[in-house]
Amino acid sequence: MKEPRVVTFGCRLNTYESEVMRDHAKNAGLDDAIIINTCAVTTEAERQARQSIRRLRRENPDAKIFVTGCAVQVNPDKFANMGEIDRIFGNDAKMKAETFMMPEHERVVVNDIMSVEETASHLVSGFEGRARAFVQVQNGCDHRCTFCIIPYGRGNSRSVPMGEIVTQVRELVANGYGEVVLTGVDITSYGHDLPGKPTLGQMSRRLLAQVPELPRLRISSIDPVEVDEDLFRLIETEPRLMPHMHISLQAGDDMVLKRMKRRHLRQDVVDFCNKVRDLRPDVTFGADIIAGFPTETDEMAENTLRLVDECGLIYLHVFPYSSRPGTPAAKMPQVPKDLRKERASALREAGEIQLNKFLQSRIGMTENVLVEKENTGHTEHFAPVLLDRVIEAGTIAKAKVTGLEDGKLIAELAG
Numbered sequence: 110m111k112e113p114r115v116v117t118f119g120c121r122l123n124t125y126e127s128e129v130m131r132d133h134a135k136n137a138g139l140d141d142a143i144i145i146n147t148c149a150v151t152t153e154a155e156r157q158a159r160q161s162i163r164r165l166r167r168e169n170p171d172a173k174i175f176v177t178g179c180a181v182q183v184n185p186d187k188f189a190n191m192g193e194i195d196r197i198f199g200n201d202a203k204m205k206a207e208t209f210m211m212p213e214h215e216r217v218v219v220n221d222i223m224s225v226e227e228t229a230s231h232l233v234s235g236f237e238g239r240a241r242a243f244v245q246v247q248n249g250c251d252h253r254c255t256f257c258i259i260p261y262g263r264g265n266s267r268s269v270p271m272g273e274i275v276t277q278v279r280e281l282v283a284n285g286y287g288e289v290v291l292t293g294v295d296i297t298s299y300g301h302d303l304p305g306k307p308t309l310g311q312m313s314r315r316l317l318a319q320v321p322e323l324p325r326l327r328i329s330s331i332d333p334v335e336v337d338e339d340l341f342r343l344i345e346t347e348p349r350l351m352p353h354m355h356i357s358l359q360a361g362d363d364m365v366l367k368r369m370k371r372r373h374l375r376q377d378v379v380d381f382c383n384k385v386r387d388l389r390p391d392v393t394f395g396a397d398i399i400a401g402f403p404t405e406t407d408e409m410a411e412n413t414l415r416l417v418d419e420c421g422l423i424y425l426h427v428f429p430y431s432s433r434p435g436t437p438a439a440k441m442p443q444v445p446k447d448l449r450k451e452r453a454s455a456l457r458e459a460g461e462i463q464l465n466k467f468l469q470s471r472i473g474m475t476e477n478v479l480v481e482k483e484n485t486g487h488t489e490h491f492a493p494v495l496l497d498r499v500i501e502a503g504t505i506a507k508a509k510v511t512g513l514e515d516g517k518l519i520a521e522l523a524g
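Quick note, the working numbering runs 109 ahead of the 1-based positions in the sequence shown.
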C-alpha cells in the first residue's frame, strides 16, 4: 500500500468522516494503515465489521489496522479484545488530526461521546472514487427511539455553523463536484444549538444563494414532522434542490410508531407526501423501514405495507428488526426472525413494484444525469441510468431515456 486505505460501513455521514480520516492519516505519514470505520445500526453490521477486520489482517499481516466508528464507540471492549487491531478510536477522537499522531502505546482512545458539545467541520477536497460529495451539517441525536443505539455512538445533536458549510461546498464545487448531499444523524434538527437557531431550510436556502455555482443539492434522510416552512418553499421554488426526499419512516402503523417513540404518526407521513407533491408534482420518495418490530402483529405489518402504495414510496431501505442490547425494544416481546424476514421481503417487493412503475414512466423523457462511473449515473430523481457511451465522471449530461433493463433506465446521450 502506498497510502492509507479506508473501509467504510454504514451511513453517508461515515463516508464523509472516512475522507477526513484519510487526510489525517496521510498527513501523519501512516501509509501502511488500514482504517475500518464501523457501523452499529444492527448487530449484523457489527458482525460484518469484525469479519472484515479478521480478513484484512490475514491479507495484510504487516499493516497497521485502526478501527473506529459507532460500533467501537458503543462497545469498545469487544474490539479492544481483538488481537488483529493495532489501535481503536472513538467517534470524537477519529475526527482529530492529533489522534493519528499519538504514540502507539495509546491503543484505545474512546471518550464519553455525551460530553461532546460541538461538531467541528473539516475541509474535504474530494471523495475517493465518487462523483457525488457528502457534507456533514449535523451530528448526534437528542431523540431516544426505543430500537436505536446510535445516540450512544454519536452523542447529542450538534450543528455545523452555516459559514463552514458554505466554505466546504465551495471547495467541493471548485474541485468539480456537481452534486452535494447534506448529511447528518438527524438533519431536520439542524440549528437548534446555533446562535439564532437557523433551520435546515434556512441553512439550505442561504447555501444555495451563496454558492450559485452548485448545480445540484440533495438532502439525506429527514423526519417528516420536523420539516420547516423554508424547506417547503425551497422544494416548491428551487430547481437545484433535487426532487427526491428520503423519509425516516420506520413503520406505517400508529401503535408500532408509538412503541418506537417516533415523533410522527401514519397520517403525518401521508400528509407530508401529499403536501410535497402539491408543491412539486414530480417528486419521488424513499424511506427507511424496520420489518418485524417487537409486538408487531400481522395487521400492524399490513398497515406499513399499504403505506408503501399509498405514498408511492419507491426507494426503500428495509431492515428486519435487529435487537440491540441496552435498548428498550430489546426487552419487548420479539417477533420470530423468520417472520421478520418474511415481512421485510414483502416490503421490498412492494417497493420494487412502485419503483418499476416510476421508471417505466420516465421512458421517452430527457433526464439530467450525474455521471458517476464510466457510463452509469443517477437522474435528479435518483433513478439509476445506463448511458449508451462512456463519459467523464462528474459530468451532468442530458440523456433521452429509451428503455428499462434490470432496474436501470437505458438512455442515449444528447449530441
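No residue lacks a Cβ here, since even glycine has one placed at the ideal position from N, Cα and C.
Sequence-distant residues of its chain with Cβ nearer than 7 Å to residue i (five each side left out)
i           : result
residue 385 : 344, 354 and 392
residue 420 : 378, 379, 382 and 394
residue 134 : 113, 142, 144 and 209
residue 517 : 493, 494 and 495
Residue i classed as buried or exposed, judged by whether at least 16 other C-beta atoms fall within 10 angstroms
i           : result
residue 482 : exposed
residue 429 : buried
residue 466 : exposed
residue 264 : buried
residue 357 : buried
residue 405 : buried
residue 163 : exposed
residue 119 : buried
residue 210 : exposed
residue 387 : exposed
residue 407 : exposed
Residue i to residue j span [Cα, whole Å]
i           : j           : result
residue 301 : residue 513 : 44 Å
residue 266 : residue 498 : 44 Å
residue 245 : residue 278 : 10 Å
residue 247 : residue 126 : 12 Å
residue 161 : residue 180 : 13 Å
residue 304 : residue 293 : 19 Å
residue 474 : residue 510 : 6 Å
residue 132 : residue 462 : 42 Å
residue 295 : residue 253 : 12 Å
residue 249 : residue 259 : 8 Å
residue 193 : residue 431 : 26 Å
residue 453 : residue 168 : 35 Å
residue 287 : residue 320 : 12 Å
residue 376 : residue 397 : 17 Å
residue 489 : residue 361 : 27 Å
Neighbourhood of residue i by C-beta distance below 6 Å, restricted to the same chain and skipping five residues each side
i           : result
residue 165 : 143
residue 486 : 478, 479, 480 and 494
residue 261 : 183
residue 172 : 141 and 143
Sequence-distant residues of the same chain with beta carbon closer than 8 Å to residue i, five excluded per side
i           : result
residue 313 : 291, 326, 328, 339, 340, 343 and 350
residue 460 : 417, 422, 423, 424, 425 and 427
residue 448 : 401
residue 198 : 175, 176, 177, 181, 208, 218 and 219
residue 496 : 478, 480, 484, 485, 486, 506, 508, 520, 521 and 522
residue 441 : 255, 368, 403 and 404
Completely contained beta strand (DSSP E) runs for the segment 281 to 318, where each covers 3 or more residues:
288 to 292
May I have a chain-ordered list of the alpha helix (DSSP H) segments no shorter than 4 residues that lie completely inside the segment 440 to 521?
446 to 470
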